[in-house]
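Residue numbers (our numbering): 2 to 362.
Structure representation (structure tokens):
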């Protein structure tokens, strides 16, 4: 714990899981963990999740609060909130006039204002950056979890590639993809499966609809999966029929952008330069205006994590990062191509964690 704070209070479910082993998927019935030292840790959860928390976490001091009444006739039944529970623990530990670290960048404004009202003499210090710096660099278990999630996601993507044909709707393909993900062991999707065709593939965040996939058009497929709470996100672009010259040119430009990045990604290279070398391949083909987002981002417990691989990021790449690289070209009313690969930064360079070939045209 930083010497600048007397305790650490975390409410983000992903941060709680990272540090305690207890995973909740709910913001509306929140949990919190309070660290005052290596051997002084308290986890407080709603009564709904008490048994799960006690079983899954390494923490011995697990408490609960009652956000809803449970007894029909007991007018004296105690109903409290996460803020009440945190306040009681802070008072009990003698921290009501101390400095407490919180993840301010990930905390809802209402929650923060409620904490300040409940604990008016506490000094709150933002430790979001410190938490992210821990989470950015993956250990061997985390790497294995991401690798397994990628393996599952690629099974879903292979399913899509096998069944896509003219006349099939985007929704029909997406349903089969999500079924394949579950059968392969995905706990949940970190985002919905994206299957978009034709001009719709030019929208980076389009969703599968009832549109029928036609002959001779682009189909962009983005598949997400999770394993032990760690995420994977894989994108491929295929073509039904025979690609036109422009389709091939766009695909080759995106593929070259990815290859440039893979050759350049290694420790001590600024993240902005990684984006630049990839973007240069697209610029050389005249498509730079159509690459409208950063090259990539970190991935782990969340689908998008720091660091962001963007032109203005001067941070340097370090060993242990897992990065998603997703060069793309989106041309309105024509279509889009995106390829997304996941890499682990190693001591000497990088290791691609994907097995599914990039070449799908």
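Glycine included, each C-beta is placed from N, C-alpha and C at the ideal position. Note that the structure is a prediction, hence the values are computed from the model and not measured.
Counting along the chain, residue 237 sits inside the beta strand (DSSP E) bounded by residues 231-240. By the Cβ-count criterion, residue 139 is buried, with 16 or more other Cβ atoms from all chains shown falling within 10 Å of its own Cβ.
Taking C-alpha positions only, residue 121 is separated from residue 97 by approximately 8 Å. For the 9 Å CB-CB criterion, residue 153 and residue 226 form a contact. Linking residue 279 to residue 295 through their CA atoms gives a straight-line distance of about 10 Å. Assignment of residue 329 by DSSP, reduced to helix, strand and coil, places it in the strand class. Using a Cβ-Cβ distance cut-off of 8 Å, the region 346-359 and the region 299-306 are not in contact, since fewer than three pairs of beta carbons, one from each stretch, lie closer than that value. Annotation: residue 113 to residue 338 spans about 41 Å, alpha carbon to alpha carbon.
Residue pairing from DSSP places residue 353 in a beta bridge opposite 344. In the structure shown, residue 359 adopts coil according to DSSP, grouped into three states.
Within the DSSP secondary-structure output, residue 8 pairs in a beta bridge with 101. Of the candidates 160, 288, 297, 297 places its Cα closest to the Cα of residue 273. In this structure the region 199-208 does not lie against the region 240-247, because fewer than three pairs of beta carbons, one per stretch, are closer than 8 Å.
Closest by C-alpha distance to residue 174, out of 149, 187, 212, is 212. Along the length of the region 94-182, whole alpha helix (DSSP H) runs at least 4 residues long occupy 110-119, 129-137, 141-164, reported in chain order. Residue 285 has its alpha-carbon roughly 34 Å from the corresponding atom of residue 147.
In the same chain as residue 320, and ignoring 5 residues on each side of it, the C-beta atoms closer than 7 Å to its own belong to 268, 346, 347, 348, in chain order. In this structure, residue 126 lies away from residue 253, with their beta-carbon atoms at least 9 Å apart. Residue 270 sits in coil when the DSSP states are folded into three classes, being neither helix nor strand. About 16 Å separates the beta carbon of residue 316 from that of residue 326, a gap too long to meet the 8 Å contact definition. Counting of Cβ neighbours within 10 angstroms places residue 156 among the buried residues, the total reaching 16 or more.
Under the DSSP assignment, residue 260 falls in the alpha helix (DSSP H) whose first and last residues are 246-265.
For the pair residue 27 and residue 17, the CB atoms are not nearer than the 9 Å cut-off.
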